[in-house]
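J.:
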Amino acid sequence: MEQFEIIVTTLFGVEAITANEIRKLGYQTTNVSDGRITFLGDLMAVCSANLWIRTGERVLIKIGEFKAFTFDELFDQTAKIKWSDWLPKDCAFPVKGFTFKSTLFSMSDCQSIIKKSVAKSLSETYKQDWFREDGATYQIEFSIIRDTVTLMIDTTGMGLHKRGYRKNSNLAPIKETLAATMAIISRFRYDGILADPFCGSGTIPIEAGLIAKNIAPGLNREFAFMQLNQFSKTLWETAKTEAMDLIKKDTKIQILASDLDPEAVALTAQNSKIAGISDIIHTSVKPISQWTIDKPDGTMICNPPYGERLLDQKECETIYKQLGTLYKSLNNWSLYAITPNENFEQIFGKFANKKRKLYNGMIKCNLYQYFPLKK
Numbered sequence: 037m038e039q040f041e042i043i044v045t046t047l048f049g050v051e052a053i054t055a056n057e058i059r060k061l062g063y064q065t066t067n068v069s070d071g072r073i074t075f076l077g078d079l080m081a082v083c084s085a086n087l088w089i090r091t092g093e094r095v096l097i098k099i100g101e102f103k104a105f106t107f108d109e110l111f112d113q114t115a116k117i118k119w120s121d122w123l124p125k126d127c128a129f130p131v132k133g134f135t136f137k138s139t140l141f142s143m144s145d146c147q148s149i150i151k152k153s154v155a156k157s158l159s160e161t162y163k164q165d166w167f168r169e170d171g172a173t174y175q176i177e178f179s180i181i182r183d184t185v186t187l188m189i190d191t192t193g194m195g196l197h198k199r200g201y202r203k204n205s206n207l208a209p210i211k212e213t214l215a216a217t218m219a220i221i222s223r224f225r226y227d228g229i230l231a232d233p234f235c236g237s238g239t240i241p242i243e244a245g246l247i248a249k250n251i252a253p254g255l256n257r258e259f260a261f262m263q264l265n266q267f268s269k270t271l272w273e274t275a276k277t278e279a280m281d282l283i284k285k286d287t288k289i290q291i292l293a294s295d296l297d298p299e300a301v302a303l304t305a306q307n308s309k310i311a312g313i314s315d316i317i318h319t320s321v322k323p324i325s326q327w328t329i330d331k332p333d334g335t336m337i338c339n340p341p342y343g344e345r346l347l348d349q350k351e352c353e354t355i356y357k358q359l360g361t362l363y364k365s366l367n368n369w370s371l372y373a374i375t376p377n378e379n380f381e382q383i384f385g386k387f388a389n390k391k392r393k394l395y396n397g398m399i400k401c402n403l404y405q406y407f408p409l410k411k
């Protein structure tokens with residue numbers, strides 16, 4: 037198959053994790069920058085990336101890249117691209133994107149100019165001045181970063197975090213891609229114990245369970261590329277069949293998911309069943325103050341309340357103190373907690389072995405990492 041450049045976008049701080057996922061799929065990355073990883077691949081690579089990448093946000097086919105400082109340059113350079121290599125004459129080709137630290141700062145103007153320029157390029161190939169756009173949708177994405185224009189076609193559709201198992205959620209769910217990132221960073225044991233005492237709708241336990249069972253996160257959903265003329269149904273079915281064969285059915289992990297909210301725990305149970313991993317997730321209703329376990333060598337990954345979203349600050353600080361007390365009582369456990377609270381370590385009662393900056397939505401957070409504490 038012919039190779040081309042593929043871009044996977046990520047949340048900030050996740051790039052290295054996503055790049056490693058791409059390499060594990062057998063592809064070499066050519067560039068890793070803020071919020072995006074580029075690699076060379078073919079149509080099967082697009083299928084595999086959408087199917088398997090746990091920490092990325094979107095998979096895009098790179099169509100062109102150039103510098104532009106004026107709207108005329110943007111129009112002319114876009115029109116030079118042979119868009120008919122990808123876009124059939126009946127397709128819909130909406131345009132969206134963003135600009136950052138660039139001379140061309142009006143997103144709506146750039147969107148309109150790129151749309152007109154693509155239409156001009158297509159009209160020269162297909163010898164028609166007007167397009168009905170009643171066929172498959174080829175979503176064109178653009179980014180203009182420091183005057184460098186990148187033009188892409190989206191192959192994902194709904195973001196990669198839309199796994200399909202979270203039909204319902206609590207008020208402040210963590211994004212699936214971020215939960216998977218935390219689980220990967222923790223290097224939890226697939227034959228051990230993993231716990232989340234603030235499980236909410238179950239995103240962290242479920243993402244960890246999918247990893248432990250080697251279930252591809254995109255196995256039970258549809259993607260935008262399925263509607264594109266270049267992709268055959270056989271290609272996707274082959275990728276899915278291979279993924280099904282790789283599922284580990286004898287995973288020994290025990291995942292403990294608890295919360296003080298009975299409705300949240302019920303959501304976790306419901307969502308884990310949809311995800312196909314209810315056999316390894318054990319739910320319970322209890323506050324952090326009542327959480328205890330006498331088994332050693334576990335991993336705790338959690339997203340405790342932030343204060344500005346669900347509880348007031350004092351209540352959150354009480355919870356952080358209780359979490360610190362619990363951690364000190366555990367035998368040889370590691371703990372990974374994400375929060376935007378800069379005073380978390382002081383309230384928790386112990387400085388983290390390591391911190392990593394991550395973003396939960398638009399909220400800048402730290403992932404506080406505590407390595408095994410032996411008694």
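Residue numbers (the working numbering): 37 to 411.
No residue lacks a Cβ here, since even glycine has one placed at the ideal position from N, Cα and C.
Does residue 70 pass the burial test, meaning 16 or more other C-beta atoms within 10 Å, or should it be called exposed?
T.: The count along the sequence shown starts at 1 and reaches residue 70 at position 34. Its Cβ having fewer than 16 others within 10 Å, residue 70 is exposed.
J.: What does DSSP give as the partner residue(s) for residue 245 in the beta ladder?
T.: Mapped onto the sequence shown, residue 245 falls at position 209. Per DSSP, none; premise fails for residue 245.
J.: Hey, quick one: how far does the beta strand (DSSP E) through residue 70 stretch, first residue to last?
T.: Start at 1 with the first residue of the sequence shown, and residue 70 comes out as number 34. Neither: residue 70 is in no beta strand (DSSP E) and is coded neither H nor E.
J.: Taking residue 383 as the reference, which of 203, 353, 371 and 369 has the closest Cα?
T.: In the sequence shown, counting from the first residue as 1, residue 383 sits at position 347. Taking only the C-alpha atoms, the option nearest residue 383 is 353.
J.: Residue range of the alpha helix (DSSP H) that residue 350 falls in?
T.: Residue mapping note: residue 350 aligns to position 314 of the sequence shown, counting from 1. Where residue 350 is concerned, the enclosing alpha helix (DSSP H) stretches over 349 to 365.
J.: Using a Cβ-Cβ cutoff of less than 8 Å, which residues in the same chain neighbour residue 318 once the five nearest sequence positions on both sides are dropped?
T.: Residue 318 sits at position 282 when you count from the first residue of the sequence shown. Cβ neighbours of residue 318 beyond the five flanking positions: 290, 291, 292 and 293.
J.: Kindly indicate which three-state DSSP category residue 381 falls into: helix, strand or coil?
T.: For this step, residue 381 is matched to residue 345 along the sequence shown. Note: residue 381 maps to helix in three-state DSSP.
J.: Please work out which residues of its chain come closer than 6 Å, Cβ to Cβ, to residue 193, disregarding the five sequence neighbours upstream and downstream, and give them in chain order.
T.: Here residue 193 corresponds to residue number 157 of the sequence shown, with the count starting at 1. So the list reads 259 and 260, once near-sequence residues are dropped.
J.: Taking the straight line between their C-alpha atoms, what separation do you get for residue 51 and residue 380?
T.: Numbered from 1 along the sequence shown, position 15 holds the residue referred to as residue 51. Numbered from 1 along the sequence shown, position 344 holds the residue referred to as residue 380. Going from the Cα of residue 51 to the Cα of residue 380 covers about 25 Å.
J.: Per DSSP, which residues does residue 197 bridge with? Please list them.
T.: As a first step, residue 197 must be located in the sequence shown, where it is residue number 161. Looking at the DSSP assignment, residue 197 forms no beta bridge with any residue, so it has no partner.
J.: Can you say whether residue 105 is buried or exposed, counting buried as having 16 or more other CB atoms within 10 angstroms of its CB?
T.: In the sequence shown, residue 105 corresponds to position 69, counting from 1. Label assigned to residue 105: exposed.
J.: Let me check understanding here. Comparing Cα to Cα, which of 187, 84 and 238 lies closest to residue 310?
T.: Looking up residue 310 in the sequence shown gives position 274. Among 187, 84 and 238, the Cα nearest to that of residue 310 is on 238.
J.: Touch check for the stretch 79 to 97 and the stretch 262 to 272: three-plus C-beta pairs under 8 Å?
T.: Output reads yes: the stretch 262 to 272 touches the stretch 79 to 97.
J.: Using only CA atoms, which one of 385, 398, 386 and 373 lies nearest to residue 392?
T.: If you number the sequence shown from 1, residue 392 lands on position 356. That would be 373, whose Cα lies nearest to the Cα of residue 392.
J.: Am I right that residue 244 and residue 255 are in contact with their C-beta atoms under 8 Å? What's the rounded C-beta distance?
T.: Position 208 of the sequence shown, counted from the start, is the residue given in the question as residue 244. Position 219 of the sequence shown, counted from the start, is the residue given in the question as residue 255. So it is not a contact: roughly 16 Å between Cβ atoms.
J.: Excluding sequence positions up to five away, which residues of its chain have a Cβ less than 7 Å from the Cβ of residue 246?
T.: Numbered from 1 along the sequence shown, position 210 holds the residue referred to as residue 246. Here the set comprises 253, 311 and 313.
J.: Using only alpha-carbon positions, find the residue among 164, 235 and 163 that is nearest to residue 300.
T.: Counting from 1 along the sequence shown, the entry for residue 300 is found at position 264. Out of 164, 235 and 163, 235 has the C-alpha closest to the C-alpha of residue 300.
J.: Taking residue 86 as part of the alpha helix (DSSP H), name the residues at either end of that continuous run.
T.: The count along the sequence shown starts at 1 and reaches residue 86 at position 50. Element bounds for residue 86: 79 to 88.
J.: Using three-state DSSP, classify residue 162 as helix, strand or coil.
T.: Here residue 162 refers to the residue found at position 126 when the sequence shown is read from its first residue. The answer is helix: DSSP assigns residue 162 an H, G or I state.
J.: When you compare each of 123, 137, 150 and 116 to residue 131 by their alpha carbons, which one comes out closest?
T.: In the sequence shown, residue 131 corresponds to position 95, counting from 1. Comparing Cα-Cα distances from residue 131 to each of 123, 137, 150 and 116, the minimum goes to 150.
J.: Taking the beta carbon of residue 166 as the centre, do at least 16 other beta carbons fall within 10 Å, making it buried, or is it exposed?
T.: Here residue 166 corresponds to residue number 130 of the sequence shown, with the count starting at 1. The residue in question, residue 166, is exposed, as its Cβ has fewer than 16 Cβ neighbours within 10 Å.
J.: Could you tell me the distance, in whole angstroms, from the CA atom of residue 218 to the CA atom of residue 195?
T.: Position 182 of the sequence shown, counting from 1, holds the residue named residue 218. Position 159 of the sequence shown, counting from 1, holds the residue named residue 195. Approximately 18 Å between the Cα atoms of the pair.
J.: Name the one or two DSSP bridge partners that residue 218 has.
T.: Along the sequence shown, read from residue 1 onward, the residue named residue 218 stands at position 182. None; residue 218 has no bridge partner.
J.: Looking only at C-alpha atoms, which of 120, 284, 89 and 180 sits nearest to residue 215?
T.: Numbered from 1 along the sequence shown, position 179 holds the residue referred to as residue 215. Closest by alpha carbon: 89.
J.: Relative to the alpha-carbon of residue 185, which residue among 209, 137, 201 and 172 has its alpha-carbon at the smallest distance?
T.: Start at 1 with the first residue of the sequence shown, and residue 185 comes out as number 149. Of the candidates 209, 137, 201 and 172, the one whose C-alpha sits nearest the C-alpha of residue 185 is 137.
J.: Using three-state DSSP, classify residue 419 as helix, strand or coil.
T.: Missing from the structure shown is residue 419; the chain here goes from 37 to 411 and no further.
J.: Quick check on the DSSP output: the beta strand (DSSP E) that includes residue 320 runs from which residue to which?
T.: Taking the first residue of the sequence shown as position 1, residue 320 is located at position 284. That run of the beta strand (DSSP E) goes 317 to 321.
J.: Return the first residue and the last residue of the alpha helix (DSSP H) that residue 211 is part of.
T.: Translated into positions along the sequence shown, residue 211 becomes position 175. Where residue 211 is concerned, there is no enclosing alpha helix (DSSP H), given that its DSSP letter is neither H nor E.
J.: Where does residue 232 fall in DSSP's three states?
T.: By 1-based counting over the sequence shown, the position of residue 232 is 196. In this structure, residue 232 counts as strand in the three-state DSSP scheme.
J.: For residue 338, which beta-bridge partners are listed by DSSP?
T.: Counting from 1 along the sequence shown, the entry for residue 338 is found at position 302. Residue 338 is bridged to 373.
J.: Roughly how many whole angstroms lie between the Cα atoms of residue 315 and residue 249?
T.: In the sequence shown, residue 315 corresponds to position 279, counting from 1. In the sequence shown, residue 249 corresponds to position 213, counting from 1. Their Cα atoms are separated by approximately 11 Å.
J.: Work out the CA separation of residue 275 and residue 8 for me, nearest whole Å.
T.: Absent from the structure is residue 8, since the part of the chain shown begins at 37 and ends at 411.
J.: To the nearest angstrom, how far is the alpha carbon of residue 160 from that of residue 279?
T.: Working through the sequence shown from its first residue, we reach residue 160 at position 124. Working through the sequence shown from its first residue, we reach residue 279 at position 243. The alpha-carbon atoms of residue 160 and residue 279 are separated by roughly 42 Å.
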